[in-house]
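A.B. asks: The structure's right below; bear with me while I get my questions together.
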Amino acid sequence: MTTSEAVEVLPAPDQLERWLRSQHWFRGRGPVTCERATVLRDGDPTLVHVVLAGDGRRYQLLLGLRDELPERLVHARIGTAGDRAVYEAVYDPELTAALLDHFEESAEVDGLRFRGALPPRYTDAPVGRPFPGPQRNCSIVYGQRHVLKFFRVLEPGDNPELVLHDALHSVGDPHIAAPQGALESELDGVRTTFAVLHEFVPLGALGWPMATASVRDFLAGPGEDPQAAGGDFAAEARRLGLAVARVHADLRDSLGEQTAGPDDEVEFVGALHRRLDDALAWVPALAPFEAGLRARYDAVLEAGEPIRLQRVHGDLHLGQVLRSPHTWVLVDFEGEPHGGAAERVRPRPAAHDVATALRSLHYAASQLLVGADDVAGLLPRAAKWLARNRKAFCDGYVELSPEFRLDGALLAAVELDRAVLEVCHEQRFRPEWVVIPLSAIAEAVTGEPAWPV
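The numbering used here puts the last residue of the sequence shown at 686; the count rises by one with no breaks.
Structure representation (structure tokens):
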């Protein structure tokens with residue numbers, strides 16, 4: 234369908250823009266235009282894939298059209314196109330089933346290529362429903378078989394989610410959900426990933442609620458040793474460290490690695506300083522720790538140790554790992570959530586992922602202290618939980634990667650850089666949580682446990 238014909242399936246511009254501005258993933262400010270609209274299923278209901286452009290970004294939508302909108306889909310309504318209701322199709326199982334059919338057939342529709350390698354069905358098409366809760370992208374879960382992730386914002390090129398999963402799958406890595414297909418097309422003459430299809434991880438439990446439940450149980454109990462608490466997380470933290478080390482090793486084997494040259498090392502440390510410059514302008518509370526932070530950044534160059542660069546996960550916090558019945562599984566390999574395409578594919582030190590995981594453990598240990606009446610009493614206990622689980626994660630990692638320097642200047646600098654970025658994020662979105670990363674910075678710089686207010 235051409236753009237001129239798209240008016241038949243798109244809601245009125247004011248309806249569409251009003252709906253877009255209510256979506257947390259939409260960042261546009263000016264008007265949007267339709268670059269393409271492709272009918273994937275005709276009839277009633279109709280399924281349409283749409284690419285929109287606005288404010289220098291491209292977005293994709295799945296729209297449904299019905300002559301009459303049933304009550305179960307009223308919440309997904311966007312507007313009207315002629316006499317038909319237009320709604321977000323991801324909430325319509327009839328249309329998500331039609332979408333899966335295209336992957337099974339490895340179909341191509343007006344330049345949209347559905348590349349699939351799905352296992353044979355053992356029943357009719359499983360019902361596809363969107364994963365609940367706000368997300369950067371839209372994930373449709375099909376029963377216990379598949380997860381289809383649509384990238385809300387499109388950028389020309391292969392998405393890291395596809396590249397890294399394919400690389401890890403090629404060497405038999407057990408810590409990923411097996412790739413099953415992709416939706417691809419051309420943007421600006423470049424092959425571009427629009428969506429990826431993965432195997433569903435059955436009975437997968439997110440690492441964040443597992444860790445925070447462990448902290449809650451320990452802080453609520455009478456004991457002083459987190460090992461004796463009923464919800465001790467340390468064994469899982471160690472297994473997670475092993476899993477991350479295996480993924481890093483497999484990424485090196487499949488995609489290679491390189492050693493940063495002297496100029497690259499200077500640029501790497503310079504980027505740490507520049508991010509601190511930006512943070513100091515935004516959060517004055519960082520000022521007392523500026524000299525200590527800069528000294529730890531400069532220590533990377535003074536150490537004279539080579540910096541090995543490779544592809545990494547890029548955003549490895551406890552909300553990006555699932556505990557299956559068999560092992561830990563890493564998900565969402567898109568990289569830095571706020572970086573551009575070039576930033577997300579840039580090789581980094583493995584310390585980037587290790588530092589991000591350690592920062593996430595600190596968040597898990599500290600989140601119950603925010604706003605608590607008895608911080609002075611809870612802080613030493615939270616510190617014990619963190620020390621135990623931090624050590625367990627690191628022990629697991631170095632068991633498989635013994636060359637990794639846990640006491641090196643690089644990990645210390647990257648971990649502090651992560652904390653500085655967290656301070657800026659919390660200042661913008663959750664000011665009451667600034668205390669968590671700021672306390673980590675204060676302790677690293679002063680050597681004393683701190684909980685600034």
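C-beta: ideal position from N, C-alpha, C; glycine also.
So what's Gly361 in DSSP terms, helix, strand or just coil?
C.D. replies: The answer is strand: DSSP assigns Gly361 an E or B state.
A.B. asks: Roughly how many whole angstroms lie between the Cα atoms of Ala677 and Glu648?
C.D. replies: Answer to the nearest angstrom: the Cα atoms are 10 Å apart.
A.B. asks: Could you check which residue in Thr589, Arg291 and Ala270 has the C-alpha nearest to that of Gly344?
C.D. replies: The residue with the shortest Cα to Cα distance from Gly344 is Ala270.
A.B. asks: Return the Cβ separation of Tyr375 and Pro359 in integer angstroms, given the expectation that the two are a contact with Cβ distance under 8 Å.
C.D. replies: Rounded, the Cβ-Cβ distance is 4 Å, consistent with contact.
A.B. asks: Considering Gln413, what are the terminal residues of the beta strand (DSSP E) in which it resides?
C.D. replies: Its beta strand (DSSP E) spans residues Pro412 to Leu420.
A.B. asks: Is it a yes or a no for the stretch 476-486 touching the stretch 511-526, going by three-plus beta-carbon pairs under 8 Å?
C.D. replies: No contact exists between the stretch 476-486 and the stretch 511-526.
A.B. asks: With a threshold of 8 Å, are at least 3 pairs of Cβ atoms found where one atom belongs to the stretch 299-318 and the other to the stretch 328-336?
C.D. replies: Output reads no: the stretch 328-336 does not touch the stretch 299-318.
A.B. asks: Where do the ends of the alpha helix (DSSP H) carrying Gln660 lie?
C.D. replies: Residues Ala642 to Phe662.
A.B. asks: By how many angstroms is the C-alpha of Leu526 removed from the C-alpha of His308?
C.D. replies: Cα-Cα distance, rounded: 48 Å.
A.B. asks: Please report the straight-line C-alpha distance between Leu439 and Asp548, rounded to a whole angstrom.
C.D. replies: One C-alpha to the other measures close to 15 Å.
A.B. asks: For Ala673, is the classification buried or exposed, using 16 other Cβ atoms within 10 angstroms of its Cβ as the cut-off for buried?
C.D. replies: So Ala673 ends up on the buried side.
A.B. asks: Three-state secondary structure (DSSP) at Ser237?
C.D. replies: In this predicted model, Ser237 has a pLDDT of only 45, less than 50, meaning its place in the structure is not dependable enough to derive any value.
A.B. asks: Considering only DSSP beta bridges, list what Ala615 is partnered with.
C.D. replies: Per DSSP, none; premise fails for Ala615.
A.B. asks: Keeping to the same chain, check which residues put their C-beta closer than 8 Å to that of Ala493; ignore five residues upstream and five downstream.
C.D. replies: Cβ within range, chain order: Phe501, Pro539, Ile540, Arg541 and Leu542.
A.B. asks: Could you say if the stretch 553-568 and the stretch 394-411 meet the contact criterion of at least three C-beta pairs nearer than 8 Å?
C.D. replies: Judged by Cβ distances under 8 Å, the stretch 553-568 makes contact with the stretch 394-411, as three or more pairs qualify.
A.B. asks: Apart from the five residues on each side of it in sequence, which residues of its chain come closer than 8 Å, Cβ to Cβ, to Val653?
C.D. replies: Closer than 8 Å at Cβ, skipping near neighbours: Arg508, Leu509, Ala512, Leu519, Leu526, Pro670 and Ile674.
A.B. asks: Assign Ser237 to one of two classes, buried (16 or more other C-beta atoms within 10 Å of its C-beta) or exposed (fewer than that).
C.D. replies: With a pLDDT of 45 at Ser237, under the threshold of 50, the predicted position of this residue should be treated as unreliable, though the coordinate-derived value follows. Ser237 should be labelled exposed.
A.B. asks: Does Glu341 come out as helix, strand or coil in the three-state DSSP assignment?
C.D. replies: If DSSP states are grouped into helix, strand and coil, Glu341 belongs with the strands.
A.B. asks: According to the neighbour-count rule (16 or more other Cβ atoms, all chains shown, within 10 Å of its Cβ), is Pro352 buried or exposed?
C.D. replies: By the 10 Å Cβ count, Pro352 comes out exposed.
A.B. asks: Give the secondary structure of Ser372 by DSSP, where H, G and I count as helix, E and B as strand, and everything else as coil.
C.D. replies: Correct three-state label for Ser372: strand.
A.B. asks: Restricting to Cα atoms, I'd like to know which of Asp531, Val480 and His481 is closest to Leu505.
C.D. replies: Nearest C-alpha to Leu505: Asp531.
A.B. asks: Answer with buried or exposed for Ser599, where buried requires no fewer than 16 other C-beta atoms within 10 angstroms of its C-beta.
C.D. replies: The residue in question, Ser599, is buried, as its Cβ has 16 or more Cβ neighbours within 10 Å.
A.B. asks: Measure the beta-carbon distance from Leu416 to Phe433 and round it to whole angstroms, keeping in mind my assumption that it falls under 8 Å.
C.D. replies: Rounded, the Cβ-Cβ distance is 17 Å, inconsistent with contact.
A.B. asks: From which residue to which residue does the beta strand (DSSP E) around Ala692 run?
C.D. replies: Given that the chain is displayed from residue 234 to residue 686, the structure contains no residue 692 and the question cannot be resolved.
A.B. asks: If you count every other CB in all the chains shown that lies within 10 Å of the CB of Ser447, and 16 or more means buried, which is it?
C.D. replies: Looking at its Cβ environment, which holds 16 or more other Cβ atoms inside 10 Å, Ser447 is buried.
A.B. asks: Flag this pair as yes or no: are the beta carbons of Glu665 and Gly604 separated by less than 8 Å?
C.D. replies: For Glu665 and Gly604, yes; Cβs fall inside 8 Å.
A.B. asks: Val608 to Ile373, Cα distance in whole Å?
C.D. replies: Distance between the alpha carbons of Val608 and Ile373: 41 Å.
A.B. asks: Which same chain residues, not among the five before or five after Ala688, have their C-beta less than 8 Å away from its C-beta?
C.D. replies: Look at the range of the chain in this structure, 234 to 686, and you will see that residue 688 is not part of it.
A.B. asks: Please give me, in chain order, every unbroken run of the beta strand (DSSP E) with length at least 3 that falls completely inside the stretch 518-603.
C.D. replies: Here the runs fully enclosed are 541-543, 554-556 and 561-563.
A.B. asks: When we look at the beta-carbon of Leu591 and count the other beta-carbons within 10 Å, is it buried (16 or more) or exposed?
C.D. replies: When all chains shown are included, Leu591 counts as buried.
A.B. asks: Do His481 and Ala583 have their C-beta atoms closer together than 8 Å?
C.D. replies: Cβ distance < 8 Å, so His481 and Ala583 count as in contact.
A.B. asks: Should Arg348 and Gly390 be called a contact, given that it needs their Cβ atoms to be closer than 8 Å?
C.D. replies: Result no, Cβ atoms of Arg348 and Gly390 do not sit closer than 8 Å.
A.B. asks: Rank Ala645, Cys627, His282 and Glu490 by C-alpha distance to the C-alpha of Ala468 and give the top, closest one.
C.D. replies: Among Ala645, Cys627, His282 and Glu490, the Cα nearest to that of Ala468 belongs to Cys627.
A.B. asks: Should Val283 and Leu296 be called a contact, given that it needs their Cβ atoms to be closer than 8 Å?
C.D. replies: Yes; because the gap between Cβ atoms is below 8 Å, this pair is in contact.
A.B. asks: Where Val423 and Asp465 are concerned, what is the direct C-alpha to C-alpha distance, given to the nearest angstrom?
C.D. replies: One C-alpha to the other measures close to 49 Å.
A.B. asks: Quick check: the Cα distance between Asp277 and Asp300, rounded to an integer number of angstroms?
C.D. replies: Roughly 7 Å between the two C-alpha positions.
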